[in-house]
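Positions 1 to 1270 (full-length UniProt numbering) are the ones given, in order, by the sequence shown.
Report on the following structure.
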Amino acid sequence: MQEKQFNWMPKAAIFFSMILLSSILSNSYATTGDLILDDHSVTPIFDSEIFDMDYTFFKENDFKRYLIFGTDTQDIDFLKNNSLYGIQSDTGFFYVSVLSEKSVSNLVAQGYHVIEDYKLDFHSSDEIISDSSRIGKITGSSDAKKKYGASGNGTIIAIVDTGVDFSNPDIQHSLARDKINHPIMLDPDGQGIVLTNATFFAYIDENEIIRNYSKPLPSDMTSSVYVNKDGVFLDVSQGGKGSKIPIYNSFFPQLGTSPIFEGILDKDMKIGKDNRNYIKSKSGIYHLGVIYQGATQGPQARIQVVPVLVVDSFIPGIYDTIISDMSTSWKDYTRFDLKQGQTPNYDFDFTDEKPIVLGSGKEFLVFDSNNDGKNDYSAGTFGAQVLDVYGVIRNNVTDIDDSLQAINGTILPALDSDGNFFGLMSDFMGHGTSSAASITSRGHEVYDIYNNTEKHSIIGVAPDAKIVPVKALWFGDTVYGWLWSAGFENKDHNWKFSGEPKVDIISNSWGVSTFPSFNASPGMDVLSLILSALVTPHSLDDDYPGITIISSAGNSGHGYGTIGLPNASPFGISVGATTNNVFVGYGPFKDQPRFGNSTIYHDDVVDFSSRGPGSIGDPKPDIMSIGAHGFTPSNVLKIKKDSKEESFSLFGGTSMAAPLVSGSAAILMEEMRKQSQDYDPFLIKNILMSTATDLQNDPFTQGSGLINVETALNYVHGDDGVFIVYNDKSYDNIKKILEPAIENINSTKIGFDQFQLSSSSLPMTSWFGGQLNPGDRSTATFTINNPTDEELLINVKSQTLSLITKNQYDGKTVVRQHDSILNKTDAFIPNYVKLSDVTNHEKIGDFFDDQNPIPDESVLMIVNVNFPFADFMNGTSDVYADDLKISSLYLYDWLDNNNDTKITSNELSMINRAGSWGTVQELRVSEPDKKFDGIPLVGVYPVPTRHSYWLGDTKQNSTSMDYTISASYYQKEKWSMLWPESETITVPAKDTGTINVTLITPNDLQTGVYQGFLTFESDRHTVNAPVSFVIKQPITENDTTILIQGKQSDDVIYGNGYTKGAFDMVNRYMTGDWRQYYFDIQNESINSGAIELSWTSDDTNLAVFVMDPQGKIIQTNVPSGVFGHFLKWPSLDWLGNSIFSQGGGFFPVKNKDETSTVLFIPINQTGTYTLLTHSTLFGGNSTTEPITLAAKFTNISSNMTSQNQQIESELVSEKEATSPSQIPETIIVEKYTLPLESDSSFGTGIAIGVGIGIAIGILSIFIIRQKPPK
């Protein structure tokens, strides 16, 4: 280990340079394990030939978005006057602002806590063949449509995402509209403003004939309109000097020095064929502007410039129509396709474009460049309401405080009646468009998906639902979007409920992984608390009905505890992801033998799907849907003139799963309305969970199972014996934990009459038994609602998954092997191992036994492959994490069609796969005994080249590595801690029945979270209610010493006393495996705790976070330090984003020795303190590793100081070995006497500090590492 440290330490400067470089070059790759998809990112081009400008405008600016926190004693007038919105509480406040670094420095000097706002993590990880994505089949929506005629009609879904581009004809119908047919769209990011306040005066006589005007123009006119033999023109050129046009900078504050810049147009714009045939303006004043938007990264990293004309076509002075010069814009956008020396033939002509009027139903800015009947260019949708974040508009019609300059959350009208601006909705990232399309695509368009001439249609889950796009790329804008969607209106910082939500469902396909930056654990942070309140009826207003909010769980699996904020909100619906192998044979998956030759398999849990529990111990996720993968219609924008690409894309991740559940909920709501059944968000959640299909996984992986909207509608109609189940205790148990944090939100100061969770208990299908002490009992009453016409006999079982057996196989990879069928130079095959060979050979005959290795009683098979950390990361590399290699994992059904005993790719059907960039891979297969028609085959695929965390593919050939395959088989068995009062219950027709269930915890149960199911089963329907509870370690006496011995476990399902290998260096911050410990401080005299955590492998590393009873992070062994101050790092061990990673890389920061860490906890109140461990790195010699925790809780007072110092001196001089009973002394000794040269991370920390010339950084690290926090 020391040699490895020595090799990394001298290159600290290079290492730090790589970190800085990675922040600039991030996200040039999309990664899917062993499949590296280079998206060909290019440097965005900001110039245009349509207008000229000073391009130094786009130099780096010092404006950024900030989240500002402070105490209630501080003066906040400045923030009130310079913020988008804020939240205040009894103990402090929170504002979102765009400020200069100088202003921020002043705030910091005044004692404010300021962090830079974060961009959101979007969880994306024929004869006509209908429903090519199988969405309808897998979700049950196709059968729901056939059986009940339900398709989401009358239901509105807000897509809070990157925006939505409605240019694809398959989704244009789904844009939500108000009573006068105007689109309903919101842009709280403030990107979509289009300025059109350049004015051109036309002299129009009484016969509506335009005449040339020779008199002086009115003083407020930019120029005039003239007539010649070629037509009628705006005099833009003005004799060659051009016209200065104010242009809104949609990239601010990321790019540009202000939200408005000046462009010079010098080409006259045609508005008429002659003086009688021209675009009419009733006032004779034409408004001209320019749309300036685009993408700064990705395949569409290009700027789009569109000249636009605004006219008052019906009433003088009331502007109602826009006309965009799409043909000129298209030629500018694609001018890079021209041969050298060629120039585009711009027409600068509005007369050949289509006028767009709000309410016409044709607000889409689209263009067909080659007249083939299909649009291939889009500039968005006209009619968005945009939040004037930067105060660039002074709308005299609206009552706006002049001192705030419209920066106080003013929503601008979709079109200014004076003609000075309008709002536009666009989506150049495509993520929000795919989310919306997965719901509402109507399947009219056809696509050649597999390039084999077969035509496919793509049908969404709820094609008749309506979509309200809410563009929110930043954490700070999501709350505004939520509240607006839920029916609240903001006026002068006050939120008032309008009486009715604008939408029925809010769908979030994003999250925030770097939760330490927000100083609270996921679920207890302010965003999650607001989400919980928004879901709960009457929480924000007596008349507020609550709103269903559905969120993606995240793509940070396969470790547990990986659901970030706000998706960990206990009352929202969190959605995990399942497989759907339609991607096999498409695009980059084509002619790659490791993906096999079949698309038939689906409905297994995806390896990257984030898992529970929540930090408070509640069961998460709630439900599952398709996440790997499906096809969705995309926008029609083509980057090249002659592009043959069709307007669809491959979509996936929990980003896809969440909108599919949102669409399913829309269908459910539609049918309940048709049946005159009342509902609220909790009932919707309970029905979806009670009608889900069991995937045979544990609750923290699958929730209640796979969404099944047909079964949900069967419940609504009382068909097929379907019933639902809910209990009366979960809500109260969760509310009790959340209340200390949520009560800090002072409703009156943010314009609410109330901000609280309902005092009335609300029913929930899942049962969170609460945070209990060992030996406690907890009882819940479960209600079974039977809507059918028949009496139901229901069996009630408590169940948990137990390990039957774990078999292993050791091997060594052979790299770069070719398939005999697809003998391509760049296509390689896995190392194939029969599942029957993955066994524990107890006698020699076992080596020749090809019998089915899957036990008959097995309901779940988990296959892992693990390999040593030294094989994964080259420790002799000059730069940390600069030389990585992995082997990914596949499972196939092999049908030896020609009986030659040779495996070829055309004989393989892939069932599931796993490919994290870490030392342990994991895939899962539900009901494995039903999955194979042929021979079960494991594939270990050595990725053919080595990769750098900082630079991606190094193009260096990989080498062989040792590996171990593990196959674990599970069955369901009785859970001994859960006791129903009866094993059966009879529920009368169209009635309810109740049963009490008691949770009995053993006296010796160690602290942690425990999970299982309560299963309600009739002869035709089964409900799997997830159950979890927390065991706290009670601390009643001063000087209490705790030892929680770790255990080596073969079980990779969540358990206490060990952690599993699950880190993924190309994923996000939450990736890895998390474990929870809870300490109930009952003695008021205790004011401190000392904790040591230890593990076994030198290459494993644990980050530790401690939260107080309000969920606030009060201590960690990886404080952000200098990186947090200067680079906004969430923790010291984080490597940040890179061109290869979304932020899943960590450095082994150690503060004691290679296999342990220590930390001191300040305790200032009684209550439950939560400790989270995060396995950021894992040795890889096994699939799990034990964690031992030793702690002492005591009182440190001033009169004890001299005595403690004397004890410390004695211990240092004696250099005693420490036993568990001496843990406090161990911590003191190690914290104060650790030699600098023995800790590579500490040395690196100093080297980095020196490298960037920040002396305070060195001091910060020294203090953090050498003194207990105060």
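In this text, a Cβ means the ideal position worked out from N, Cα and C, and glycines have one as well.
Around L387, the same chain offers L84, L186, D187, P188, D189, G190, G409, T410, I411, L412, D477, Y480 as residues with beta carbons nearer than 8 Å, after the five sequence neighbours per side are excluded.
If you look at L835, you'll find it isn't in any alpha helix (DSSP H); DSSP assigns it neither H nor E. Within the DSSP bridge table, the entry for E262 names P246 as partners.
In this structure, the straight-line span from the alpha carbon of V503 to that of L175 is close to 12 Å. The region 1053–1069 makes contact with the region 552–561; the number of CB pairs closer than 8 Å reaches 3 or more.
Shown here, Q191 sits in coil according to DSSP, grouped into three states, outside any helix or strand. Residues of the same chain with a CB within less than 6 Å of the CB of E500, apart from the 5 flanking positions on each side, are G487 in chain order.
DSSP lists T381 as the bridge partner or partners of M425. A contact between stretches requires three or more CB pairs, one per stretch, nearer than 8 Å, and the region 297–312 fails this requirement with the region 209–217.
For D332, the enclosing alpha helix (DSSP H) stretches over residues 326–333.
N1151 and N1117 have their C-alpha atoms some 7 Å from each other.
The C-beta distance from L792 to N785 rounds to 10 Å, too long to meet the 8 Å contact threshold. One alpha carbon belongs to G1136, the other to Y1069, and they sit about 9 Å apart.
About 17 Å separates the Cβ atoms of H287 and T351, ruling out a contact at the 8 Å cut-off.
Distance from the CA of D34 to the CA of M910, rounded to the nearest whole angstrom, comes to 15 Å. Collapsing the DSSP output to three states places R594 in a helix. It is roughly 8 Å from the alpha-carbon of S1138 to the alpha-carbon of G952. Within the same chain, Cβ atoms closer than 6 Å to the Cβ of E1017 are found at N795, the five residues on either side in sequence being excluded. Taking C-beta atoms as the reference points, L365 and L415 fail to come closer than 9 Å. C-alpha of M669 to C-alpha of W330: approximately 42 Å in a straight line. In this structure, the straight-line span from the alpha carbon of T986 to that of S926 is close to 31 Å. Rounded to whole angstroms, T548 and F682 show a C-alpha spacing of 8 Å. The DSSP-derived three-state label of Y1010 is strand. According to the DSSP assignment, Q921 belongs to no alpha helix (DSSP H) but to the beta strand (DSSP E) extending over 920–926. Contact between the region 999–1007 and the region 582–601 is absent, with fewer than three C-beta pairs closer than 8 Å. Rounded to whole angstroms, P259 and V392 show a C-alpha spacing of 8 Å. Here the alpha carbons of T599 and P633 stand approximately 20 Å from one another. DSSP places V468 in the uninterrupted beta strand (DSSP E) bounded by 466–471. Between the beta-carbon of S730 and that of W767 there is about 5 Å, and that keeps the pair under the 8 Å contact cut.
With 16 or more other Cβ atoms inside 10 Å of its own Cβ, Q1110 counts as buried.
Here S132 is buried: its Cβ has 16 or more other Cβ atoms, across all protein chains shown, within 10 Å.
It is roughly 54 Å from the alpha-carbon of P936 to the alpha-carbon of Q756.
For T162 against L660, the beta-carbon gap comes to about 18 Å, at or over 8 Å, which does not count as contact. The count of Cβ pairs closer than 8 Å, one atom from the region 1168–1186 and one from the region 913–924, reaches three, so the stretches are in contact. Inter-residue distance for D893 and K1112 is about 49 Å (C-alpha atoms, whole angstroms). Taken through DSSP and simplified to helix, strand or coil, G476 comes out as helix.
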